[in-house]
Each structure stands twice: as C-alpha cells, then as structure tokens.
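Numbered by the UniProt record's numbering, the letters in the sequence shown go through residues 1 to 401 in order. In what follows, a single structure is set out as structure tokens and then discussed.
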Amino acid sequence: MKMKRYFAPDMRQAIRRVREDQGPNSVILSNRRVPGGVEIIAALDYDEALVNQALGAYENNSRGEGEAAEVPSGMDKPYPGENIGDPAAESSIQSIRNDLKALRDLMEAPLLQFGWGEMRKVQPLRANLLKRLMALGLDATLCREIVDKVVESGRMENGWAASLKLLAEMLPVSDDDILSEGGVIALVGSTGVGKTTTVAKLAARFALRHGRRHVALITTDSYRIGAHEQLRTYGRILGIPVQTAGDKDELAAALNHARDRKLVLIDTAGVSQRDMHLTEKLSSLNTGGQEIHNYLVLSATSQAQVQSEVIRSFQKSGLQRCILTKIDEAGSLGGTLATLAHHGLPAAYVSDGQKVPDDLHPARGEKLVKHAVELMQQRQEALTEDALAFNFGGLVANAHV
C-alpha cells in the first residue's frame, strides 16, 4: 500500500494534488489543519488493517506536539465547569470552526466535480455556454443570469452570439455627451487611475469642437507633488487657463470666474475608497452654487472586487457617470463589465492609451464586449476542470439565494 502526505494552502488544492499524483482511485485517510494550510494523508491499494496500523503510529508520534503536559498532582486542577479564560475559549471555538471548514471543503470538492460533470452530460449546450462566459471573466451570478435568459428565449443553438448581444445590452452606457452639452464636471476616483490625463483629453476634444475659449480647467489636488504642474502643462499646450482651488471657498471663486465657459473640468485629488474622510473630502465640491456632476474614473486594470468597493464608496457622495481608463493595459475585461452591470453606473467614455486627445472614445456596449472577447482569445487560457467545478458551485449557491 502506497501512503503519502500532502500539504497545500487549502483543501481544494490538496485534493487536486492527490488526484494528480495518485489518480481518482486514491483514498483520503486523514486530514488536519497545519500552520500554512492543510495536511492530507492519502493511499493507493487501500488495506484497512495496514491503514489503522500506520495511522496509529503517526498519531502517537505527533501527539506530543498537540497535547498539553499532564498537570502535576500538587497543583490545583481547574473545576470542570470553571471558566479558565476567554482567550482559550476563543481559541477553541476558532479551532472548531477551522475543523468544520476543512470538513466542508473535503466534502464539497468531489460534489462540485460531480455536479459539473453531470451538467456537461445532461445539458452540454448550457455547460459549454457557461464555460465560455466564465472564461470571459464574468462572475457566477451574471453567467447564470445570461444563460437563463438565453434559454428562455430559445436561442441556445446560437447561444454564444446571443449571450454576447445580451451582455452588451445589459451594460449601462451613457447617451449624454460632455463634448456636446458641456457643463461643470468633476473627475473623482482613486490615486493613479488617470484623472488628470482624462481631463486633458476631454478639454482638448471640446476645444477642437467649440474653441478653447469655451473651456476652463480647475485643479483641487493639493496632495500630490507636481499635480498642479502636470495640469498646467496640459493647459499651456492646449492654450486653456488653469486655476487652483485649495478649499470650498476658492473653488466657488474659481467657478464664478469661469461662469461664462461652456465646459469646466475639475481635476480632484485621488482618494482611497477606504479613506475614513472620503465623504468629507468630496463634500468640498458642493459649493452651493453651480451644479457639479461627479464622474468616477475607474481603472480597468483593477480587480472586480476593488472596482465594486470604489463604486460603493464614491456613490455616497453622488455619481452621475463613470469613465473607464487603462483599457489597453487590462488583461481581462469581463470583471469590469460585470461590475458595471451589477452596479448600474453608466459608462460615458473609455480611455485606451496616453495620447491626448486621440485615446478617448464614447462608451458603447457592443465595443466593450468585443474587446473583452478579443482579450479572452489573446490569453488562450482554458479554465481547468477544478476552476469550472468551483464556479459551478457558485452558480448553484446563487440559484438558491
């Protein structure tokens, strides 16, 4: 009988290593939490008597590490019902939780594999469509919603094209055009997402269409070294004056000075979505005078979870639209599209480079989906069966929410 010990960060990875090493007929003899992850003992050519003998020896050898020393007879032993300290109790509870999680993971992994395998057999068209949508980078909830709608419409024979068309229709894009209507627009967002460059692109585009005398630039970024100078450099190149506003009163004065301009663009300081004072900092944009429209600048290179966190945080101060930047740097676009679909925040523009003003385009659902498919094809990375089964577990869970 061949017994072997495996270590991995979590139970799913441990089971996968067992299966890759010993094949599907291996038997898991024991599992336990260890520093840094989990430990599994698995065997081929299973023999119960030999297993019990081997595990007994293993437990005897490791017992000295896990058991406390016996209390000497001369010392007081705690009464069975005595509270011996909250930290110890918390530690015991956490240990139980860890054991339960390990047991759940151990049971879930083969069940998810089984469930995904059954779907591929019983509903091959649905399974293939889910697989392609997952490869696109969409989350389980959106994948299921799209496939359900395609099934209901009776378009499964052309399911992939129907799914992409449906995804494009689900993306919130804005019909409003800053370059036509103008207004007072503040670009807000985290540090490093490209707010200043986007301000320059919008200003250049508007100036080309309406004339530079109809554009004004204001910066409120007093935190980043060189932030004022960067925008002033763009202003000099474009022939557009740039004003600096360090507080609400100065912003009100700058807006009043630019009241005859059709388009006023405000470049704000980058603020982390986890900044406790985010709402307070953004409140300085509310001058009580002209109406300011907040556009969130969102980087397509950020993780979907981070993008959702950013939207939720900045929405507290009011958002009208968003602008997607760094499209050209993103390795996958599916997560970003899913984020837009879930939050319903309309995208006004997309930026796909550093060129001013060329690399700025109106957001269009079909073009975003097309680019997401192109990125998927460039990656040429097929999802593993384990990843598909894991995502299938998310589909099942969401189906019962």
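We put the CB at the ideal spot given by N, CA and C, even for glycine. The structure presented is a predicted model; accordingly, all values stated were derived computationally and were not measured.
Residue burial classification, residue i (beta-carbon count within 10 angstroms, cutoff 16)
i, result
"residue 326", "buried"
"residue 235", "buried"
"residue 355", "exposed"
"residue 220", "buried"
"residue 272", "exposed"
"residue 276", "exposed"
"residue 333", "buried"
"residue 154", "exposed"
"residue 146", "buried"
"residue 15", "buried"
"residue 189", "buried"
"residue 7", "exposed"
"residue 196", "buried"
"residue 331", "exposed"
"residue 191", "exposed"
"residue 36", "exposed"
Residue i versus residue j - alpha carbon distance
i, j, result
"residue 63", "residue 34", "Any reading at residue 63 must be qualified, since the residue scores a pLDDT of 47, below 50, and its modelled position is unreliable; no value is offered."
"residue 357", "residue 342", "30 Å"
"residue 167", "residue 369", "7 Å"
"residue 162", "residue 40", "44 Å"
"residue 244", "residue 299", "25 Å"
"residue 251", "residue 340", "31 Å"
"residue 241", "residue 217", "6 Å"
"residue 230", "residue 204", "15 Å"
"residue 257", "residue 362", "29 Å"
"residue 376", "residue 135", "7 Å"
"residue 303", "residue 292", "29 Å"
"residue 336", "residue 127", "23 Å"
"residue 131", "residue 328", "25 Å"
"residue 208", "residue 232", "18 Å"
"residue 139", "residue 22", "32 Å"
"residue 313", "residue 27", "48 Å"
"residue 247", "residue 38", "54 Å"
"residue 125", "residue 158", "10 Å"
"residue 17", "residue 269", "48 Å"
"residue 315", "residue 281", "13 Å"
Presumed contact (8 Å Cβ cut-off) between residue i and residue j, rounded CB distance
i, j, result
"residue 311", "residue 345", "6 Å"
"residue 178", "residue 348", "7 Å"
"residue 194", "residue 297", "6 Å"
"residue 351", "residue 141", "Contact doesn't hold; Cβ gap of about 28 Å is too wide."
"residue 305", "residue 255", "That pair is no contact at about 36 Å."
"residue 279", "residue 308", "With a Cβ gap of about 18 Å, residue 279 and residue 308 do not count as contacting."
"residue 212", "residue 187", "Between residue 187 and residue 212 the Cβ distance is about 19 Å, and since that is not below 8 Å, they are no contact."
"residue 5", "residue 174", "Residue 5 to residue 174, Cβ: 57 Å. No contact."
"residue 129", "residue 160", "7 Å"
"residue 294", "residue 319", "5 Å"
Residue i beta carbon near the ligand SAM (any heavy atom closer than 6 Å)
i, result
"residue 175", "The model depicted lacks the ligand SAM and carries no ligand whatsoever."
*At which residue ranges does the UniProt domain "AAA+ ATPase" (181–328) contain complete alpha helix (DSSP H) runs of 4 or more residues, listed in the order of the chain?*
Counting whole runs of 4 or more residues, the UniProt domain "AAA+ ATPase" (181–328) contains the alpha helix (DSSP H) stretches 195–210, 227–238, 248–257, 278–282, 304–315.
*With a cut-off of 8 Å, do at least 3 Cβ pairs link the region 263–276 to the region 177–197?*
Yes, the region 263–276 touches the region 177–197.
*With a cut-off of 8 Å, do at least 3 Cβ pairs link the region 145–154 to the region 278–293?*
No contact exists between the region 145–154 and the region 278–293.
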